[in-house]
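Only one structure is covered here, and it is reproduced in the block below.
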Amino acid sequence: MNLAVPLCAARLEETPRRHHMAAAGDGGESHYREALREAFGDSSSSDSDTPAGVSPGAGRGHWRWEAVAGVRGLWLCAAFLSADEQARLLNAIQREGWFINADNQAMRFGDLPSWAVELSALIREAICVGDASAGLGAEATNEDEDACPLPSDLLWREPFFDQMIANRYRPGHLCSRRSDAL
Numbered sequence: 001m002n003l004a005v006p007l008c009a010a011r012l013e014e015t016p017r018r019h020h021m022a023a024a025g026d027g028g029e030s031h032y033r034e035a036l037r038e039a040f041g042d043s044s045s046s047d048s049d050t051p052a053g054v055s056p057g058a059g060r061g062h063w064r065w066e067a068v069a070g071v072r073g074l075w076l077c078a079a080f081l082s083a084d085e086q087a088r089l090l091n092a093i094q095r096e097g098w099f100i101n102a103d104n105q106a107m108r109f110g111d112l113p114s115w116a117v118e119l120s121a122l123i124r125e126a127i128c129v130g131d132a133s134a135g136l137g138a139e140a141t142n143e144d145e146d147a148c149p150l151p152s153d154l155l156w157r158e159p160f161f162d163q164m165i166a167n168r169y170r171p172g173h174l175c176s177r178r179s180d181a182l
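Quick note: the sequence shown uses full-length UniProt numbering, first residue 1, plus one each step.
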């Protein structure tokens, strides 16, 4: 099973996009960490720059964001988590106990579980150091606006995310047509 990270940024106002950081020619992880340290400061409670429960080096240097054609503001990072990270994330979600009953959706507002905060930090890192490809060609009216998955006012806010929706799908039903959808 592969998880992809879709990211949709609601555009509430026109803001210039922050250009993503590009690594030096070596593409080394140390350069990425230095860029993140420069942008976000030193790690607060740990000697490691990697969020707890996330493998060091997983995804680093391979993150590639692709704009989804036809849905402005929707971006996909297909190789975001390794198989091991995906399994740990799914286990953490199951431990929340949200889907014990027949419910197939859970919403959280305010304080998020620690695994969601760690995932948020990894998403921010992937946006800052990953490659972004708008792939919109002549359709784009403002190249700078469409060149990055998030506008700078969203990318640098704290907390990065303060709400989430988790959905459970039966195998083979992720993209099935819903009777209540128009």
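We put the CB at the ideal spot given by N, CA and C, even for glycine.
| query | result |
| --- | --- |
| 8 angstroms contact criterion, which P113 and E125 should meet: CB distance rounded | The Cβ separation is near 19 angstroms, so there is no contact. |
| Euclidean distance between Cα positions of P171 and S120 | 26 angstroms |
| 8 angstroms CB neighbourhood of D162 in its chain, flanking five on each side removed | F109, G110 and L112 |
| Supposed contact pair W65 and P149 - C-beta distance, whole angstroms, cut 8 angstroms | 5 angstroms |
| N- and C-terminal bounds of the beta strand (DSSP E) containing E66 | R64 to A67 |
| 8 angstroms Cβ cutoff met for G130 and W63 | yes |
| Nearest neighbour of Y169, chosen from E118, A106 and R72 [CA to CA] | A106 |
| Through-space distance from A67 to A132, alpha-carbon basis | 8 angstroms |
| Terminal residues of the alpha helix (DSSP H) in which D84 lies | A83 to R95 |
| Integer-rounded CB distance, given that L90 should sit under 8 angstroms from residue 184 | No statement about residue 184 is possible, as the shown extent of the chain runs from 1 to 182 and does not include it. |
| Coil, strand or helix - R108 by DSSP | strand |
| Cβ pair I127, L155 closer than 8 angstroms | yes |
| Residue(s) in a DSSP beta bridge with D131 | R64 |
| For I93 and A166, believed in contact at Cβ under 8 angstroms, the rounded distance | 6 angstroms |
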